[in-house]
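K.L.:
Please find one structure pasted underneath; my questions will follow.
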Amino acid sequence: MRPVPLILGLGLLAAVWLAPLTLWLGAEFAGHMLRHMVLVAVAAPLLVIGWPGLARGFALNPLIAAALEFAVVWAWHLPRAHGLAFTHTAWFAAEQASFLLAGLLVWAGCLRAGHPLAGAGGLLLTSMHMTLLGALLILAPRDLYSAWCGLMPDLTGQQLGGILMLGIGTPVYLVAGLWLTARAVNEREAAA
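Counting along the sequence shown from 1, when you hit position 182 you're at 280 in the numbering used here, and nothing is skipped either side.
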């Protein structure tokens, strides 16, 4: 067990679930997106690094884990599903738990020793779909979620959410994927 990343990961979970993110960011959707991205792209890898024994227990093939995470993220970003999570506590809890579990599956699978290229592939696929979803949120001509959440339209808040997705998810997954690729290349050169 590595206490520093584990404590940081647990602290981030507490912070994003307890902090008034919507108030700080001035937009409901931006608060949702910051929470989402911290769960899947920041806290999850810290928890996997901090408690590798637990992570080994549910490390899937990186590409399968990335596909599951893709399904979870895109399903919860369908307007109706997002509206359910926004308006019902039980759906919100299910959304948050599935985001965290999906993040843990991706990072546990991708960071497991012995398969750096497969891990890089999983992280780079995750980077691509997160980038696409973030871009869609930014470029959408109207607010996709307000009607389902019972809120006034807030296209600017949705765009800020997309920017947060791009600004956090894209570099985290891309850099980690490139690091794993470099590790694989170095291991092959050392073996040659």
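Just so you know, even glycine gets a beta-carbon here, dropped at the ideal spot from N, CA and C.
(1) Specify, as a first and last residue, the run of the alpha helix (DSSP H) that residue 170 falls within.
(2) Whose CA, out of 159, 193, 154 and 146, lies closest to the CA of residue 131?
(3) Excluding the 5 residues preceding and the 5 following residue 123 in the sequence, name in chain order all residues of the same chain whose CB lies nearer than 6 Å to its CB.
(4) In the structure shown, what three-state DSSP assignment does residue 213 receive?
(5) What does the Cβ neighbour count give for residue 186, buried or exposed, with the cut at 16 atoms within 10 Å?
(6) Could you tell me the distance, in whole angstroms, from the CA atom of residue 209 to the CA atom of residue 145?
(7) Quick check on the DSSP output: the alpha helix (DSSP H) that includes residue 115 runs from which residue to which?
(8) Looking at C-alpha atoms only, which residue of 246, 134 and 275 is the closest neighbour of residue 216?
(9) For residue 228, count neighbouring Cβ atoms within 10 angstroms of its own Cβ and tell me buried if that reaches 16, exposed if not.
(10) Whether or not the stretch 245-264 and the stretch 217-225 are in contact is what I'm after, with contact meaning three or more pairs of Cβ atoms, one per stretch, closer than 8 Å; do they touch?
(11) Smallest Cα separation from residue 161: which of 110, 243, 281 and 205?
(12) Can you have a look at residue 285 and say buried or exposed, based on whether 16 or more other CB atoms are within 10 angstroms of its CB?
(13) Taking the alpha helix (DSSP H) that residue 140 belongs to, which residues open and close that run?
(14) Go to residue 303, then tell me how far its alpha helix (DSSP H) extends in each direction, as first and last residue.
P.N.:
Let me spell this out:
(1) To locate residue 170, count along the sequence shown from 1; it is residue 72. Run containing residue 170: 160-174, per the alpha helix (DSSP H) assignment.
(2) Residue numbering aside, residue 131 sits at position 33 when the sequence shown is read from its first letter. Residue 131 has its Cα closest to that of 193, out of 159, 193, 154 and 146.
(3) One-based indexing of the sequence shown puts residue 123 at position 25. Hits under 6 Å: 129.
(4) Within the sequence shown, the letter at position 115 stands for residue 213. Correct three-state label for residue 213: coil.
(5) As a working mapping, residue 186 is identified with position 88 in the sequence shown. So residue 186 ends up on the exposed side.
(6) Translated into positions along the sequence shown, residue 209 becomes position 111. Translated into positions along the sequence shown, residue 145 becomes position 47. Near 12 Å, if we compare the C-alpha coordinates of residue 145 and residue 209.
(7) The residue you call residue 115 lines up with position 17 of the sequence shown. First-last of the alpha helix (DSSP H) with residue 115: 101-116.
(8) In the sequence shown, the residue the question calls residue 216 occupies position 118. With distances taken between Cα atoms, residue 216 lies closest to 275.
(9) Residue numbering aside, residue 228 sits at position 130 when the sequence shown is read from its first letter. Burial check for residue 228: the Cβ neighbour count within 10 Å reaches 16 or more, so the residue is buried.
(10) no
(11) For this step, residue 161 is matched to residue 63 along the sequence shown. Nearest of 110, 243, 281 and 205 to residue 161, Cα basis: 205.
(12) Along the sequence shown, read from residue 1 onward, the residue named residue 285 stands at position 187. Residue 285 counts as exposed, since fewer than 16 other beta carbons sit within 10 angstroms of its beta carbon.
(13) Here residue 140 refers to the residue found at position 42 of the sequence shown. Premise fails: residue 140 is in no alpha helix (DSSP H) and is neither H nor E.
(14) With the chain covering only 99 through 290, there is no way to say anything about residue 303.
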